[in-house]
Structures are given as structure tokens and as C-alpha cells.
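Student: Numbering (numbering that gives the first Met the number 0), first residue to last: 0 to 124.
Here a beta-carbon is modelled for each residue, glycine too, at the ideal position from N, C-alpha and C.
I'd like to ask some things about the structure below.
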Amino acid sequence: MDVESSRSYCFSFSQATENLQWGDDLCFTIGGKIFLTLGLDNRRMCFKCVPEKFAELVKQEHIRPAPYVGRYNWVVLNRLDALRDGELQELIEQSSEMVAAKAPKNSHPIEKKGTVKGKIHRKKS
Numbered sequence: 000m001d002v003e004s005s006r007s008y009c010f011s012f013s014q015a016t017e018n019l020q021w022g023d024d025l026c027f028t029i030g031g032k033i034f035l036t037l038g039l040d041n042r043r044m045c046f047k048c049v050p051e052k053f054a055e056l057v058k059q060e061h062i063r064p065a066p067y068v069g070r071y072n073w074v075v076l077n078r079l080d081a082l083r084d085g086e087l088q089e090l091i092e093q094s095s096e097m098v099a100a101k102a103p104k105n106s107h108p109i110e111k112k113g114t115v116k117g118k119i120h121r122k123k124s
């Protein structure tokens, strides 16, 4: 995935917002909590994952524990093409769901009939 397709995918999640922080990092948040950062100058991506996936990912080339937050199962992809697009999209979605579950309750998306409570749903195009 490139920067633009990554941004578009992040915006497909309900209530996702974007802020520029720490110089050149785009931070995607839900309820004020970051679920993904995207470095514009250095083309890196950082996101949260489940412990089992974290252990698997950091063994791969171009992926390492994220500075400062690696102990919370955040990884850094030093290249945006370190993973296949489908796998990366799945991991981004999982990150958004984990972060949204810990966001303040008033920031969760409005529940609609037929949705799973507490799960972030992608916006329909």
C-alpha cells in the first residue's frame, strides 16, 4: 500500500480522524486514541496488533517493535510494502478495533441494527 491508499483505507473506518504530529507523521485516531501512524518523509507505518501477531511480525524483514510503545504490541513497518495489501488492511482494521474498544464510550460509533456492539464498521462507499 502506498501513502494515499493507506490514508483512504484508514478513513473508511467510522469516526476515524487524521492529525499531523511529531513533524511529519500522520496519526489516525478514533475517539482521540491513535490506531495508526504513517510517516510521510520516511514512508514508515506503525500500528497495534495482538501479542501473537506481534511476535510473528517482528521476525520478518523490515518490521520491528515500535520505539516507546513496542511493549504494548505496536510494530513499525520500515517499508510500506513489507506486507501484502490484504494482510496489511486486516492488521489495520484489527488495530482500529482494539483502540476503539479502549476509547471513551461517547466516541464509539452509533450502534445500528444488525451491527456487532463495540466493533468498528467500515463506511460504505
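Which ranges would you report for the alpha helix (DSSP H) in the stretch 30 to 82 if only whole runs of at least 4 residues count?
Tutor: 50 to 56
Student: Which class does residue 93 belong to by DSSP, given the choice of helix, strand or coil?
Tutor: Start at 1 with the first residue of the sequence shown, and residue 93 comes out as number 94. Helix.
Student: Below 8 Å, can you find three or more Cβ-Cβ pairs linking the stretch 54 to 62 to the stretch 8 to 28?
Tutor: no
Student: Roughly how many angstroms lie between the CA atoms of residue 86 and residue 101, to the nearest whole one?
Tutor: Position 87 of the sequence shown holds residue 86. Position 102 of the sequence shown holds residue 101. Answer to the nearest angstrom: the Cα atoms are 23 Å apart.
Student: Going by beta-carbon coordinates alone, are residue 73 and residue 45 separated by less than 8 Å?
Tutor: Within the sequence shown, numbered from 1, the residue matching residue 73 stands at position 74. Within the sequence shown, numbered from 1, the residue matching residue 45 stands at position 46. Closer than 8 Å, so yes.
Student: Return the residue from the list 36, 99, 92, 50 that minimises the CA-CA distance to residue 79.
Tutor: Position 80 of the sequence shown, counted from the start, is the residue given in the question as residue 79. That would be 36, whose Cα lies nearest to the Cα of residue 79.
Student: Please classify residue 20: does DSSP put it in a helix, a strand, or coil?
Tutor: Position 21 of the sequence shown, counted from the start, is the residue given in the question as residue 20. In this structure, residue 20 counts as strand in the three-state DSSP scheme.
Student: Under a Cβ-count criterion, where at least 16 other Cβ atoms within 10 Å of its own Cβ denotes burial, should residue 5 be classed as buried or exposed?
Tutor: Against the sequence shown, residue 5 aligns to sequence position 6. Buried: at least 16 other Cβ atoms inside 10 Å.
Student: One question on the structure: do residue 47 and residue 97 come within less than 8 Å of each other, judged by their Cβ atoms?
Tutor: Within the sequence shown, the letter at position 48 stands for residue 47. Within the sequence shown, the letter at position 98 stands for residue 97. For residue 47 and residue 97, yes; Cβs fall inside 8 Å.
Student: Suppose the cutoff is 8 Å on Cβ atoms and the five residues either side in sequence are ignored; what does the same chain contact list for residue 8 look like?
Tutor: Looking up residue 8 in the sequence shown gives position 9. 0, 88, 91, listed in sequence order.
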